[in-house]
Every structure is written in C-alpha cells, then in structure tokens.
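Participant: Pasting in a structure now, in structure tokens, and then I'll have a few things to ask.
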Amino acid sequence: MDTQTQLGKLGLFDAKVPRYTSYPTAPHFDRSVGPDQFSSWIKAIPEGAEISLYLHVPFCRRLCWFCACRTQGTQTDAPVIAYLETLKTEIAMLGRHLPRGVRLSRLHWGGGTPTLLQPGMIDELVGAIRDIAPFSETTEFSVEIDPNEIDGPRLDALARAGMNRASIGVQDFDDDIQKSIGRLQGYDITRWAADEIRARGVASLNADILYGLPHQNKPRITESVQKLLSLSPDRVALYGYAHVPWMAKRQQLIPSDALPTPQERLGLFDTARRLFLWDGYEEIGIDHFAAREDGLSVAQRTGRLRRNFQGYTDDTAEVLIGIGASSISRFPQGYAQNTSATGAHTGAIREGRFSTARGHVFSPEDKLRARLIEMLMCDFHIDAAEITRDFDITSAALQQMLAEVERAYQGNLHLDDTGLSIPHEVRPLTRMIARQFDTYEMNEQGHSSAI
Numbered sequence: 000m001d002t003q004t005q006l007g008k009l010g011l012f013d014a015k016v017p018r019y020t021s022y023p024t025a026p027h028f029d030r031s032v033g034p035d036q037f038s039s040w041i042k043a044i045p046e047g048a049e050i051s052l053y054l055h056v057p058f059c060r061r062l063c064w065f066c067a068c069r070t071q072g073t074q075t076d077a078p079v080i081a082y083l084e085t086l087k088t089e090i091a092m093l094g095r096h097l098p099r100g101v102r103l104s105r106l107h108w109g110g111g112t113p114t115l116l117q118p119g120m121i122d123e124l125v126g127a128i129r130d131i132a133p134f135s136e137t138t139e140f141s142v143e144i145d146p147n148e149i150d151g152p153r154l155d156a157l158a159r160a161g162m163n164r165a166s167i168g169v170q171d172f173d174d175d176i177q178k179s180i181g182r183l184q185g186y187d188i189t190r191w192a193a194d195e196i197r198a199r200g201v202a203s204l205n206a207d208i209l210y211g212l213p214h215q216n217k218p219r220i221t222e223s224v225q226k227l228l229s230l231s232p233d234r235v236a237l238y239g240y241a242h243v244p245w246m247a248k249r250q251q252l253i254p255s256d257a258l259p260t261p262q263e264r265l266g267l268f269d270t271a272r273r274l275f276l277w278d279g280y281e282e283i284g285i286d287h288f289a290a291r292e293d294g295l296s297v298a299q300r301t302g303r304l305r306r307n308f309q310g311y312t313d314d315t316a317e318v319l320i321g322i323g324a325s326s327i328s329r330f331p332q333g334y335a336q337n338t339s340a341t342g343a344h345t346g347a348i349r350e351g352r353f354s355t356a357r358g359h360v361f362s363p364e365d366k367l368r369a370r371l372i373e374m375l376m377c378d379f380h381i382d383a384a385e386i387t388r389d390f391d392i393t394s395a396a397l398q399q400m401l402a403e404v405e406r407a408y409q410g411n412l413h414l415d416d417t418g419l420s421i422p423h424e425v426r427p428l429t430r431m432i433a434r435q436f437d438t439y440e441m442n443e444q445g446h447s448s449a450i
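Position 217 of the sequence shown, counting from 1, maps to 216 under numbering that gives the first Met the number 0, and the rest follow consecutively.
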C-alpha cells in the first residue's frame with residue numbers, strides 16, 4: 000500500500016482538526032476570564048522576569064479575500080491615529096500593573112497591516128513600549144511587513160526602533176492565483192522589500208507562503224517556491240490555506256470550484272517541502288522550514304522548540320501579553336483575550352479598564368494535555384520521562400494513555416518505554432494524532448482541513 004493510500008485510509012483527506020497553536024483552542028474560551036483576572040495574572044509575574052508582547056494592528060488598505068484574520072479596511076489614517084492613542088493608553092495601563100524589572104524577550108507586531116503606521120506613529124508606539132519594558136541585547140523585535148504597504152521612511156523608523164526580524168507575506172507569486180485570492184503582489188516589489196529590509200541591517204527575514212490555493216498546481220507552486228528561495232529567507236512558514244467562508248465572509252469571493260482536492264493539497268505541500276529541503280533548509284514541525292543557524296533550527300536541535308499563536312517559536316518566556324483588539328495573552332494560569340471589536344476595545348481602555356472579554360483558566364489536566372500536544376507538534380515524540388517528571392501522572396497511567404492513541408492508528412505509530420513517536424511517513428497525520436489527546440468537544444466547521 001502506497002503512502003497516500005495509507006494516509007487516506009487513516010482519514011487524512013476527510014478530517015478537520017485544530018492547528019493547535021493553543022490548548023484548549025480558542026473556540027473553548029469563555030467569559031469566566033475578565034479584566035480583574037487578567038490584571039491579577041499580570042501582577043503575579045515575578046519581578047525581573049522576561050515577558051513577550053504581541054501587538055495587533057487590525058487595519059489594512061485592502062482586504063485580501065483569503066485572509067481570515069480580524070481586520071478592517073481603511074483608506075485614511077484617521078481610524079489608525081485614534082487606535083494608536085488607544086494602544087498607547089493600554090500600554091501605559093499595562094505598565095502600571097507590571098512588577099518591577101520586567102524585560103522584553105520578544106515583541107511582535109501583527110495584524111492586519113502594522114506597516115501602514117507612519118514613521119512618527121512607529122516612533123511613538125515603540126517609545127511607549129520601551130517606557131514599560133526595556134529591550135535587552137537578546138530581545139527579538141519582529142514585524143509583519145506588507146511589501147505593498149511599506150517605503151523607505153517607514154523601514155527607517157522600524158530599524159531605528161530596533162526591529163531585527165521582519166516577516167513578509169508572499170502567499171503565491173502566480174498572477175492568476177493572486178487575482179483569485181484578492182492579493183496582488185509582484186515578485187519585483189517583494190524583492191525590493193527584502194533588499195531594503197536587509198540594507199538597514201535587519202539580519203533575519205521570515206516569509207509565509209500558502210498551499211491549497213485556487214488554481215494552484217505542482218508547476219505553479221514550484222515556480223513560486225523557487226522565486227521565494229531567491230530571496231534567501233532565514234525562516235519559511237508553509238501554511239495550508241483554510242477555506243472557511245462561513246466564518247470569513249470575504250472568502251466567498253474565492254472560486255471554491257478551483258480549489259485543489261485534499262489529495263492534491265498533500266501533493267502541493269510535498270512539492271514545496273522537497274524544494275526547501277533540497278535548498279538546505281531544516282524541517283521544523285509540521286509546516287516550517289529554517290536555515291540551520293536560525294533560532295528555530297537551534298531550538299529544535301536542543302529540545303526548546305515551542306508553539307504559540309504565531310506558530311513555532313524559540314521564545315522561552317512563560318508570559319505572552321496581547322495588546323490591541325482581539326489579542327490573546329498566555330499566562331501560566333491561563334489564556335485571556337481582548338474583545339474583538341475595535342470600538343468596544345477602545346471604549347474599555349478609555350474607561351480605564353482592560354478589554355478582556357473571555358479566556359480560560361488552566362486545570363492540571365489542561366497543562367498535561369497541552370504539553371503532550373505541543374511535544375507531538377514540535378518534536379513528533381512524547382517524552383515519557385519528561386511528562387512523568389513534570390506532571391502528576393504515573394508511568395503506568397501515561398503508558399495506558401499512549402497505548403490507546405497507538406491502537407487508534409493501527410500500529411502506524413511507535414510506542415516503547417521512552418514514549419510515543421510519529422514516524423516520518425505518517426507525519427501529515429500529526430494534527431489528527433494530537434486531537435486524540437484533546438478532551439474538549441469539537442465542532443468541525445470551526446476548523447480547517449487536516450492537510
């Protein structure tokens with residue numbers, strides 16, 4: 000039996016499962032977590048600790064049809080200026096709650112399109128952040144950059160602010176595919192952006208590319224990947240396009256009859272994967288690739304690879320605080336998410352309270368299962384010794400849990416005294432296998448294809 004037939008027999012082409020950037024996943028957050036809980040978790044951060052910040056800018060000059068992020072279009076700077084004032088107030092309020100001596104491990108600006116901020120806005124925003132949590136020599140400051148919405152002065156401001164990693168969204172370079180997803184972005188402007196970023200001393204460049212787009216086939220994705228490789232990114236995320244038009248209404252503009260089948264999606268992924276490996280990139284988890292000297296590769300080799308809402312990371316900070324509408328924070332105690340509507344978020348901040356609208360308080364069982372899932376997603380292996388050392392579970396109980404999962408996959412996994420491993424040929428099933436450790440009910444409509 001060939002690999003594709005075996006994967007099909009195990010359900011790969013029919014399943015819809017979470018991406019597991021959190022556990023429990025965001026659909027299971029509820030209103031048990033509010034501003035008071037959020038404030039208490041901030042105050043419980045140890046003095047002198049390192050934390051990470053994520054800042055969400057929910058505005059775009061144009062709304063790409065494929066995108067399912069929480070964004071809104073604007074052709075003027077007026078709502079952006081007003082939102083910037085809200086962010087500065089929110090950051091100052093956060094600073095009043097933070098314990099003394101807190102430093103930044105990571106700072107990431109996402110969206111939306113954070114590069115629609117003008118140079119002066121960038122200066123103000125970074126200044127507000129530095130006032131509450133200073134950068135260190137090892138702080139990583141990354142920004143999502145739209146090549147269609149960036150210029151020299153804004154890049155100068157970002158470099159001056161301390162940006163040392165930039166992330167460029169590519170999606171695909173084929174003209175027909177770009178038109179079908181509402182994202183026109185030529186190779187030349189992308190090349191210009193990459194060159195200008197590096198010309199300002201920004202050493203690390205990330206890129207995102209999608210498989211599973213309408214009209215995509217193996218020759219087309221081969222050409223797009225080869226163009227991407229010519230930019231020599233340090234890190235690449237090869238994401239599967241999630242077609243969820245019932246959740247993201249703008250995706251209704253995408254021709255669903257032109258989408259590849261699940262079997263074709265697997266072929267597209269494997270085609271791109273082989274190209275990255277042939278070019279010397281190391282495979283990271285289920286959908287990332289990195290140069291050998293990149294932090295993700297080092298983290299994978301040393302057992303420090305982690306997974307969060309931005310995907311794979313080498314960040315070891317225990318606290319990630321989200322700033323801005325819809326942002327999600329993670330604490331050792333649980334998750335907290337700001338209200339999604341920009342107006343409601345602004346109203347809360349103006350009233351002097353955080354806009355935390357929902358979240359989840361971890362139980363001991365949550366923490367155990369979150370780590371089991373993270374191990375599979377990062378390392379394709381559950382280390383039994385680490386689990387029994389760090390969690391209140393006996394070796395016998397863990398082995399029973401792992402054996403049940405191994406049986407569910409008909410002997411295609413490897414189970415021994417060291418733990419449970421996913422062999423290379425069945426790694427496309429990783430998210431499905433992780434689902435076996437998830438005790439929460441799942442509505443498949445809320446999730447994307449397993450491949």
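Cβ coordinates follow ideal geometry from the N, Cα and C atoms, glycine included.
DSSP beta-bridge partners for Ala-289?
Facilitator: Paired residues: Arg-234 and Glu-281.
Participant: Between the stretch 274-285 and the stretch 216-228, do at least 3 Cβ pairs fall closer than 8 angstroms?
Facilitator: Output reads yes: the stretch 216-228 touches the stretch 274-285.
Participant: By the three-class DSSP mapping on this structure, what secondary structure does Tyr-19 have?
Facilitator: Coil.
Participant: Taking only the alpha-carbon atoms, compute the straight-line gap between Glu-49 and Ala-14 and give it to the nearest angstrom.
Facilitator: Whole-angstrom Cα-Cα distance: 39 angstroms.
Participant: Judging by CA-CA distance, which residue of Gly-181, Thr-189, Pro-244 and Ser-231 is the nearest neighbour of Cys-59?
Facilitator: Among Gly-181, Thr-189, Pro-244 and Ser-231, the Cα nearest to that of Cys-59 is on Gly-181.
Participant: Closest to Arg-159 by C-alpha separation, out of Leu-252, Ala-25, Gly-126 and Arg-349, would be which residue?
Facilitator: The candidate whose alpha carbon is nearest that of Arg-159 is Gly-126.
Participant: Hey, Pro-430 and Tyr-19: beta-carbon distance below 8 angstroms or not?
Facilitator: In the sequence as displayed, the identity of residue 430 is Arg instead of Pro. Going by C-beta atoms, Arg-430 is nearer than 8 angstroms to Tyr-19.
Participant: If contacts are defined as beta-carbon pairs under 8 angstroms, then Ile-121 and Ala-165 qualify, I think. What distance do you get, rounded to the angstrom?
Facilitator: Contact doesn't hold; Cβ gap of about 13 angstroms is too wide.
Participant: From Gly-496 to Arg-426, what does the alpha carbon distance come to, in whole angstroms?
Facilitator: One cannot answer for residue 496 here, as it falls past the ends of the chain, which runs 0 to 450.
Participant: Leaving out five residues before and five after Asp-173 in sequence, what residues of the same chain have Cβ atoms less than 8 angstroms from its Cβ?
Facilitator: If we look at Asp-173 and ignore the five residues flanking it on each side, its Cβ neighbours are His-214, Gln-215, Arg-219, Glu-222 and Ser-223.
Participant: Going by C-alpha distance, which of Phe-28, Gly-33, Ala-43 and Gln-3 is nearest Glu-317?
Facilitator: Of the candidates Phe-28, Gly-33, Ala-43 and Gln-3, the one whose C-alpha sits nearest the C-alpha of Glu-317 is Ala-43.
Participant: When the Cα of His-423 is compared with those of Ala-198, Ala-236, His-380 and Thr-70, which residue comes out closest?
Facilitator: That would be His-380, whose Cα lies nearest to the Cα of His-423.
Participant: Going along the chain, which residues of its own chain have a beta-carbon closer than 7 angstroms to the beta-carbon of Gln-251, five neighbours each way excluded?
Facilitator: If we look at Gln-251 and ignore the five residues flanking it on each side, its Cβ neighbours are Pro-244.
Participant: If you draw a straight line from the alpha carbon of Glu-89 to that of Arg-30, how long is it in whole angstroms?
Facilitator: The alpha-carbon atoms of Glu-89 and Arg-30 are separated by roughly 21 angstroms.
Participant: Tell me Leu-367's beta-bridge partners as DSSP assigns them.
Facilitator: Partner(s): none; Leu-367 has no beta bridge.
Participant: Give a yes or no on whether the C-beta atoms belonging to Leu-62 and Thr-70 are separated by under 8 angstroms.
Facilitator: Yes. Within cutoff.
Participant: Checking 8 angstroms against the spacing of the C-beta atoms, do Arg-234 and Ala-192 come in under that value?
Facilitator: Result no, Cβ atoms of Arg-234 and Ala-192 do not sit closer than 8 angstroms.
Participant: Relative to the alpha-carbon of Gln-184, which residue among Asp-194, Val-169 and Ile-196 has its alpha-carbon at the smallest distance?
Facilitator: If we check each option's Cα against that of Gln-184, Val-169 comes out closest.
Participant: Of all the alpha helix (DSSP H) runs that stay within the bounds of the stretch 44-102, which reach a length of 4 or more residues?
Facilitator: If we require 4 residues or more, the alpha helix (DSSP H) runs fully inside the stretch 44-102 come out as 77-96.
Participant: When you compare only the Cα positions, how much space is there between Glu-136 and Asp-314?
Facilitator: Taking the straight line from one Cα to the other gives about 15 angstroms.
Participant: Our contact map puts Leu-428 next to Leu-11 with C-beta atoms below 8 angstroms; I'd like the distance itself, whole angstroms only.
Facilitator: Contact holds; Cβ gap of about 6 angstroms.
Participant: Please name the residue, chosen from Ala-356, Leu-52, Ser-231 and Ala-433, that lies closest to Ile-372 on a Cα-to-Cα basis.
Facilitator: Considering only alpha carbons, the answer is Ala-433.
Participant: Please name the residue or residues paired with Ala-132 in a DSSP beta bridge.
Facilitator: Ala-132 pairs with nothing; no bridge assigned.
Participant: Which residue's Cα is closest to the Cα of Ala-236: His-242, Ile-208, Gly-279 and Leu-258?
Facilitator: Among His-242, Ile-208, Gly-279 and Leu-258, the Cα nearest to that of Ala-236 is on Ile-208.
Participant: Assign Met-376 to buried or exposed, taking buried as 16 or more other Cβ atoms, counted over all protein chains shown, within 10 Å of its Cβ.
Facilitator: Counting Cβ neighbours within 10 Å, Met-376 comes out buried, since at least 16 surround it.
Participant: Quick one: what's got a C-beta closer than 8 angstroms to Ala-247's C-beta in the same chain, skipping five residues either side?
Facilitator: Cβ neighbours of Ala-247 beyond the five flanking positions: Cys-66 and Ala-67.
Participant: Beta carbon of Ile-131, beta carbon of Gly-94: below 8 angstroms?
Facilitator: Result yes, Cβ atoms of Ile-131 and Gly-94 sit closer than 8 angstroms.
Participant: Can you check which of these residues, Gly-321, His-27 and Phe-308, is closest to His-344 by C-alpha distance?
Facilitator: That would be Gly-321, whose Cα lies nearest to the Cα of His-344.
Participant: Whole-angstrom Cβ separation of Thr-473 and Pro-34, contact assumed at under 8 angstroms?
Facilitator: Since the displayed the chain opens at 0 and closes at 450, residue 473 lies outside it and no answer follows.
Participant: Hey, would you say the C-beta of Leu-397 is under 7 angstroms away from at least one heavy atom of the ligand ATP?
Facilitator: This structure does not include the ligand ATP; it has no bound ligands of any sort.
Participant: Pick from Arg-306, Gly-358, Asn-147 and His-55: whose alpha carbon is nearest that of Pro-26?
Facilitator: For Pro-26, the nearest C-alpha among the options comes from Gly-358.
Participant: Secondary structure at Phe-140, three-state DSSP: helix, strand or coil?
Facilitator: Reduced to three states, the DSSP call for Phe-140 is strand.
Participant: What's the C-alpha gap between Gln-3 and Gln-262?
Facilitator: Taking the straight line from one Cα to the other gives about 8 angstroms.
Participant: From which residue to which residue does the alpha helix (DSSP H) around Ser-354 run?
Facilitator: Note, Ser-354: premise wrong, no alpha helix (DSSP H); not H, not E.
Participant: Tell me the start and end of each unbroken beta strand (DSSP E) in the stretch 314-343 that is at least 3 residues and wholly inside, in chain order.
Facilitator: As far as the stretch 314-343 is concerned, its whole beta strand (DSSP E) runs of at least 3 residues are 319-322, 327-330 and 333-337.
Participant: When you compare each of Ile-196, Ala-340, Ser-328 and Pro-259 to Gly-161 by their alpha carbons, which one comes out closest?
Facilitator: Nearest of Ile-196, Ala-340, Ser-328 and Pro-259 to Gly-161, Cα basis: Ile-196.
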